[in-house]
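S.K.:
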Amino acid sequence: MGNESINWDKLGFDYIKTDKRYLSHYRNGEWDKGTLTEDNVLHISEGSTALHYGQQCFEGMKAYRCKDGSINLFRPDQNALRMQRSCARLLMPFVETEQFIEACKEVVRANERFIPPYGTGGALYLRPFVIGVGDNIGVRTAPEFIFSIFCIPVGAYFKGGLTPHNFLISSYDRAAPQGTGAAKVGGNYAASLMPGSQAKKAHFADCIYLDPMTHTKIEEVGSANFFGITHDNKFVTPNSPSVLPGITRLSLIELAKSRLGLEVVEGDVFIDKLSDFKEAGACGTAAVITPIGGISYNDHLHVFHSETEVGPVTQKLYKELTGVQTGEIEAPAGWIVKV
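Residue numbers for the sequence shown follow my numbering, beginning at 942 and rising by one.
1) Please name the residue in Pro-1232, Glu-1043, Cys-1028 and Thr-1038 whose C-alpha comes closest to that of Pro-1253.
2) Pick from Pro-1094, Asn-1180, Ser-1111 and His-1172: whose alpha carbon is nearest that of Val-1048?
3) On the DSSP letters alone, give me the boundaries of the alpha helix (DSSP H) that Lys-1046 sits inside.
4) Please go through the segment 1121-1175 and give each complete alpha helix (DSSP H) segment of 4 or more residues, from N-terminal end onward.
5) For the alpha helix (DSSP H) containing Leu-1191, name the first residue and the last one.
6) Within the segment 981-1020, note down every full beta strand (DSSP E) run reaching 3 residues or more, in order along the chain.
7) Comparing alpha-carbon positions, which option in Pro-1153, Val-1210 and Met-1135 lies nearest Thr-1171?
8) Under 8 Å by Cβ, that's how I've got Ile-1212 and Lys-1175 pegged, so tell me the actual separation to the nearest angstrom.
9) Within 10 angstroms of its Cβ, does Val-1080 collect 16 or more other Cβ (buried), or is it exposed?
10) Do you know how far the Cα of Phe-1088 is from the Cα of Val-1036?
11) Given this structure, state the Cα-to-Cα distance separating Thr-976 from Pro-1084, to the nearest angstrom.
12) Let me confirm a value: Ala-1044 is counted as buried when at least 16 other C-beta atoms fall within 10 Å, else exposed. Which label applies?
13) DSSP three-state label for Pro-1253, please.
14) Within 10 angstroms of its Cβ, does Glu-979 collect 16 or more other Cβ (buried), or is it exposed?
15) How would you label His-1106, buried or exposed, when you count the other beta carbons within 10 angstroms and need 16 or more for buried?
16) With 16 other CB atoms within 10 Å as the buried threshold, where does Met-1135 fall?
17) Should Lys-1279 and Leu-1185 be called a contact, given that it needs their Cβ atoms to be closer than 8 Å?
18) Among the candidates Asp-1147, Gly-1063, Ala-1123 and Phe-1070, whose CA atom is the shortest distance from the CA of Ile-947?
19) Can you give me the C-alpha to C-alpha distance between Ser-1237 and Arg-1115, rounded to a whole angstrom?
20) State the DSSP-derived secondary structure class of Thr-959, mapped to helix, strand or coil.
21) CB Gly-1163 to CB Asp-1147, shorter than 8 Å?
22) Please classify His-1246 as buried or exposed, where buried requires at least 16 other C-beta atoms within 10 Å of its C-beta.
23) Taking 6 Å as the limit between beta carbons, can you name the residues of its chain near Pro-1069, skipping five residues before and five after?
24) If the criterion is Cβ atoms closer than 8 Å, does the pair Asp-973 and Ala-1051 meet it?
25) Please state if the CB of Phe-1086 and the CB of Phe-1145 are separated by a distance shorter than 8 Å.
26) Given a cut-off of 8 Å on the beta-carbon distance, is the pair Gly-1096 and Gly-953 in contact?
27) Please classify Arg-968: does DSSP put it in a helix, a strand, or coil?
28) Can you tell me whether DSSP reads Thr-1296 as helix, strand or coil?
29) Here's the rule: buried if 16 or more other CB atoms are within 10 angstroms of the residue's CB, otherwise exposed. What is Thr-1255?
30) Using the beta-carbon count (16 or more within 10 Å), is Ser-1181 buried or exposed?
31) Nearest CA to the CA of Asn-1354: which residue from Tyr-994, Pro-1273 and Glu-1161?
32) Taking Thr-978 as part of the beta strand (DSSP E), name the residues at either end of that continuous run.
33) On a CA-only basis, which of Arg-1006, Lys-1142 and Ala-1117 is nearest Tyr-1150? Give me that one, please.
34) DSSP three-state call for Ala-1223: helix, strand or coil?
35) With DSSP as the reference, identify every bridge partner of Ile-1212, one or two as the case may be.
Structure, rendered in structure tokens:
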């Protein structure tokens, strides 16, 4: 596909085959130097642990076109560190941060024509992943691994961009206590497919998961993190060993403190205390910030600021975050890597 056929203003979050992707193999105790390839089909053994035992993890990150034409990678070191933690949890060899960031740069450069123009609200989404491969059938770590990165141009994850959406509390668990909830592994997302589908059939944007131990506290919003703004202007986000530590969440915590002067609380968000919040939102690399209009629980829809209008604090957070990502606003030290 040529970029001339892409309607930049109407990009969603769908797969588009781009020109090149990065591919590296781990054999005999080390990663090779990696290469770029046009082939978007992986050739792996039928006995690969990624296929049978879920030995795989992935990341999501974005490259942004700036007003001056330059390209920003947003906090790639944090994605590298999180992937290293995920790999450690699944007994996979991790990719060094330097190799990870350089591979990301190579993919962006090779697919620069697919980066949405400045001002469209789009970005180039990068999907790094590590999978266990090789001839195997026993339940054990793989003999070989693949590290790859591909990219696609994307717009808003939820239709409508920065507009409020309603969500449904799910009776299902996203992750188990002491499980892999804090790792970015495919099994967590496989478990979310059915409850997410049920929520959408009921005309909600997605479902919200409660803590797996007591089912009394909000943990995650679909595949995104939750945050709420209290009536006394505290930024509150769940803190739990089964919550994925999002890079967008981490960034909002820091921006809320340093740029908006909000007190930040990482703690419990009880489902029966939604009235403590005047605004709420979901945040993540794909979603960026999605305002939560209302949450349905026990057949009652609790509405925060509005089902149609974005709250003022959420608007400020969104403007600050996206301004940093696209170079419009000065970034904290170390957040931006130029390609």
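By construction, the Cβ of each residue, glycine as well, lies at the ideal position given by its N, Cα and C atoms.
M.R.: The structure says:
1) Your numbering for residue 1253 matches position 312 in the sequence shown. The shortest Cα separation from Pro-1253 among Pro-1232, Glu-1043, Cys-1028 and Thr-1038 belongs to Pro-1232.
2) Within the sequence shown, residue 1048 is the residue found at index 107, counting from 1. The candidate whose alpha carbon is nearest that of Val-1048 is Pro-1094.
3) Locating residue 1046 in the sequence shown gives position 105, where the first residue counts as 1. Its alpha helix (DSSP H) spans residues 1038-1051.
4) 1127-1142
5) For the purposes of this step, residue 1191 is taken as residue 250 along the sequence shown, with counting starting at 1. Unbroken alpha helix (DSSP H) run through Leu-1191: 1188-1199.
6) 997-999, 1002-1006 and 1012-1015
7) Counting from 1 along the sequence shown, the entry for residue 1171 is found at position 230. Ranking the options by Cα distance to Thr-1171, first place goes to Val-1210.
8) As a first step, residue 1212 must be located in the sequence shown, where it is residue number 271. As a first step, residue 1175 must be located in the sequence shown, where it is residue number 234. With 8 Å as the limit, Ile-1212 and Lys-1175 do not qualify as a contact, their Cβ atoms being about 18 Å apart.
9) Numbered from its first residue, the sequence shown carries residue 1080 at position 139. Classification of Val-1080: exposed, given that the 10 Å Cβ count is below 16.
10) For this step, residue 1036 is matched to residue 95 along the sequence shown. For this step, residue 1088 is matched to residue 147 along the sequence shown. Cα to Cα, Val-1036 sits roughly 8 Å from Phe-1088.
11) Numbered from its first residue, the sequence shown carries residue 976 at position 35. Numbered from its first residue, the sequence shown carries residue 1084 at position 143. Whole-angstrom Cα-Cα distance: 21 Å.
12) Indexing the sequence shown from 1 puts residue 1044 at position 103. Counting Cβ neighbours within 10 Å, Ala-1044 comes out buried, since at least 16 surround it.
13) Position 312 of the sequence shown, counted from the start, is the residue given in the question as residue 1253. Pro-1253: helix per DSSP, three-state reduction.
14) Position 38 of the sequence shown holds residue 979. That one is exposed.
15) Indexing the sequence shown from 1 puts residue 1106 at position 165. Counting Cβ neighbours within 10 Å, His-1106 comes out buried, since at least 16 surround it.
16) On the sequence shown, position 194 is the one that residue 1135 refers to. Classification for Met-1135: exposed.
17) Start at 1 with the first residue of the sequence shown, and residue 1279 comes out as number 338. Start at 1 with the first residue of the sequence shown, and residue 1185 comes out as number 244. It is not a contact, given that the beta carbons lie outside the stated cut-off.
18) Here residue 947 corresponds to residue number 6 of the sequence shown, with the count starting at 1. Nearest C-alpha to Ile-947: Gly-1063.
19) Numbered from 1 along the sequence shown, position 296 holds the residue referred to as residue 1237. Numbered from 1 along the sequence shown, position 174 holds the residue referred to as residue 1115. Going from the Cα of Ser-1237 to the Cα of Arg-1115 covers about 18 Å.
20) Locating residue 959 in the sequence shown gives position 18, counting from the first residue. Correct three-state label for Thr-959: coil.
21) Stepping through the sequence shown from its first residue, residue 1163 is reached at position 222. Stepping through the sequence shown from its first residue, residue 1147 is reached at position 206. Yes, the pair counts as a contact, with Cβ atoms nearer than the cut-off.
22) Locating residue 1246 in the sequence shown gives position 305, where the first residue counts as 1. The residue is buried, with at least 16 neighbouring Cβ atoms inside 10 Å.
23) Start at 1 with the first residue of the sequence shown, and residue 1069 comes out as number 128. Result list for Pro-1069: Glu-1000 and Ile-1090, in chain order.
24) On the sequence shown, residue 973 is found 32 positions in, with the first residue counted as 1. On the sequence shown, residue 1051 is found 110 positions in, with the first residue counted as 1. Going by C-beta atoms, Asp-973 is not nearer than 8 Å to Ala-1051.
25) For this step, residue 1145 is matched to residue 204 along the sequence shown. For this step, residue 1086 is matched to residue 145 along the sequence shown. Not in contact: Phe-1145 and Phe-1086 (Cβ atoms no closer than 8 Å).
26) In the sequence shown, the residue the question calls residue 1096 occupies position 155. In the sequence shown, the residue the question calls residue 953 occupies position 12. Yes, they are a contact pair.
27) The sequence position of residue 968 within the sequence shown is 27, counting from 1. Here Arg-968 sits in strand by DSSP.
28) Any question about residue 1296 goes unanswered here, given that the chain covers just 942 to 1280.
29) Here residue 1255 refers to the residue found at position 314 when the sequence shown is read from its first residue. Counting Cβ neighbours within 10 Å, Thr-1255 comes out buried, since at least 16 surround it.
30) Here residue 1181 refers to the residue found at position 240 when the sequence shown is read from its first residue. So Ser-1181 counts as buried.
31) The chain is shown from 942 up to 1280; residue 1354 falls before or after that span and cannot be answered.
32) The residue labelled residue 978 in the question sits at position 37 within the sequence shown. Here the beta strand (DSSP E) through Thr-978 covers 976-978.
33) Numbered from its first residue, the sequence shown carries residue 1150 at position 209. Answer by Cα proximity: Ala-1117.
34) Numbered from 1 along the sequence shown, position 282 holds the residue referred to as residue 1223. Note: Ala-1223 maps to strand in three-state DSSP.
35) Position 271 of the sequence shown holds residue 1212. Per DSSP, none; premise fails for Ile-1212.
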